[in-house]
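Before any comments, here is the structure.
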Ligand SMILES: NC(=O)c1ccc[n+]([C@@H]2O[C@H](COP(=O)([O-])OP(=O)(O)OC[C@H]3O[C@@H](n4cnc5c(N)ncnc54)[C@H](OP(=O)(O)O)[C@@H]3O)[C@@H](O)[C@H]2O)c1
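In the working numbering, the protein residues as written are 70 to 431.
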């Protein structure tokens with residue numbers, strides 16, 4: 070009873086403190102915005118190294134479909150609209166046939182040169198070689214670490230079918246979503262720092278990075294890791310004139326979300342990959358540090374959930390989760406038959422079912 074009261078008072082203190090600080094931020098926000106946009110060493114360095122109207126050397130990972138593909142088209146279209154030479158594109162993916170189709174379309178849209186690089190982003194050596202070589206051919210203005218997988222994505226599902234455990238599948242997801250991003254941005258940074266002419270690095274995280282949701286935990290944790298990394302890197306790299314932008318998308322139509330769309334008929338507040346690419350490039354050009362798209366409802370709800378006191382977040386997710394693990398546990402505790410042997414069998418079955426379920430969530 071007293072413990073609950075203590076928890077409640079702590080909760081109240083956190084909420085009131087949070088409200089007070091938010092009001093303070095709101096009052097100071099005109100000044101903070103001006104300083105963040107124009108003040109400080111970082112902005113001085115960025116002014117010395119302005120971004121070209123349309124970047125000439127662009128490297129995009131995971132460009133064989135979805136958002137990465139749409140970003141490649143968007144840069145080509147902008148060059149054409151603005152009457153400047155089309156960019157030299159380095160596009161990566163693992164599916165050579167799909168990647169070739171994308172390259173073909175980019176050439177039609179006016180790209181100066183398009184290189185199709187069939188690469189696994191989780192291969193550090195291959196990524197370093199590819200990025201360093203590309204940068205020697207043409208200084209890379211923009212590098213976009215976009216490649217990513219989710220538990221609903223085909224390759225990871227294929228691993229599932231091959232009898233791989235959930236833990237191994239989770240490791241494979243982190244290899245792509247976390248290490249794949251680092252293996253892209255580290256060599257890119259080395260090249261940009263050496264050239265000392267600025268540049269732009271964009272990381273495709275997710276609005277999911279705000280949400281410690283228990284049904285997609287490896288994905289959201291991997292995205293939270295790269296979001297934090299991107300935000301920290303932005304501040305560290307600003308004095309060198311290197312822009313680091315982190316992109317947080319809500320639902321976007323792509324191969325990754327195909328199964329969700331099939332199941333629910335449409336994606337909640339979903340956007341097409343083209344719409345997302347236009348919004349992302351608009352904000353990359355304005356050097357927005359944390360790009361949330363669409364801002365409503367995903368940006369607003371994501372920030373709100375992220376800012377909720379831990380107890381509230383825990384309550385929300387336990388409500389959502391209730392259906393899954395709790396039902397399995399209840400079944401284990403109340404097997405249908407009273408017979409001792411079959412009860413043991415049912416328990417063993419339910420145990421292995423529960424393990425499989427937990428592995429799926431992990
Ligand atoms: N769609 C959404 O609703 C949404 C929301 C938030 C964030 N995002 C993020 O946006 C990014 C792009 O996803 P998308 O929606 O465009 O999905 P997508 O159509 O499935 O595209 C994923 C891309 O990543 C590539 N890729 C996956 N694993 C790779 C690996 N190991 N090595 C190299 N390339 C690899 C894929 O290439 P191959 O198929 O050729 O292997 C593909 O080009 C991801 O990081 C995703 O997490 C998407």
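Backbone N, C-alpha and C fix where the C-beta goes; we use that ideal spot for every residue, glycine too.
Taking the alpha carbon of residue i as the reference point, which residue from the options has its own alpha carbon closest?
i, options, result
"residue 354", "159, 313, 302", "313"
"residue 319", "121, 172, 328, 341", "341"
"residue 345", "323, 266, 335", "323"
"residue 184", "357, 417, 73, 130", "130"
"residue 288", "235, 304, 260, 262", "235"
"residue 173", "271, 153, 142", "142"
"residue 220", "292, 88, 371, 82", "292"
"residue 315", "90, 250, 330, 259", "250"
"residue 380", "205, 189, 88, 76", "76"
"residue 28", "264, 277, 127, 135", "Because the chain here runs from 70 to 431, residue 28 falls outside it and cannot be looked at."
"residue 190", "427, 215, 420, 329", "215"
"residue 276", "374, 418, 80", "374"
"residue 384", "422, 283, 298", "283"
"residue 211", "78, 87, 137, 245", "137"
According to DSSP, what are the bridge partners of residue i?
i, result
"residue 107", "BP columns for residue 107 are empty, so no partner."
"residue 362", "318"
"residue 441", "This structure does not reach residue 441, given that the chain is present from 70 up to 431, and the question cannot be answered."
"residue 312", "269"
"residue 184", "159"
"residue 214", "272"
"residue 127", "158, 211"
So is the beta-carbon of residue i under 7 Å away from any non-hydrogen atom of ligand 1?
i, result
"residue 136", "yes"
"residue 133", "yes"
"residue 321", "yes"
"residue 161", "yes"
"residue 287", "no"
"residue 318", "yes"
"residue 375", "no"
"residue 284", "no"
"residue 212", "no"
"residue 173", "no"
"residue 190", "yes"
"residue 349", "no"
I believe residue i touches residue j by the beta-carbon criterion, under 8 Å. Please report the beta-carbon distance rounded to the nearest angstrom.
i, j, result
"residue 162", "residue 187", "7 Å"
"residue 274", "residue 247", "The pair is not a contact, with the Cβ atoms about 10 Å apart (cut-off 8 Å)."
"residue 302", "residue 262", "Contact doesn't hold; Cβ gap of about 12 Å is too wide."
"residue 171", "residue 133", "6 Å"
"residue 178", "residue 146", "6 Å"
"residue 336", "residue 257", "In fact, because the Cβ distance is near 31 Å, the residues do not count as touching under 8 Å."
"residue 269", "residue 158", "Going by Cβ atoms, the distance from residue 269 to residue 158 rounds to 15 Å, so no, they are not a contact pair."
Taking CB distances under 8 Å as the criterion, tell me whether residue i reaches chain D.
i, result
"residue 253", "The structure shown contains no chain D; it is built from a single protein chain."
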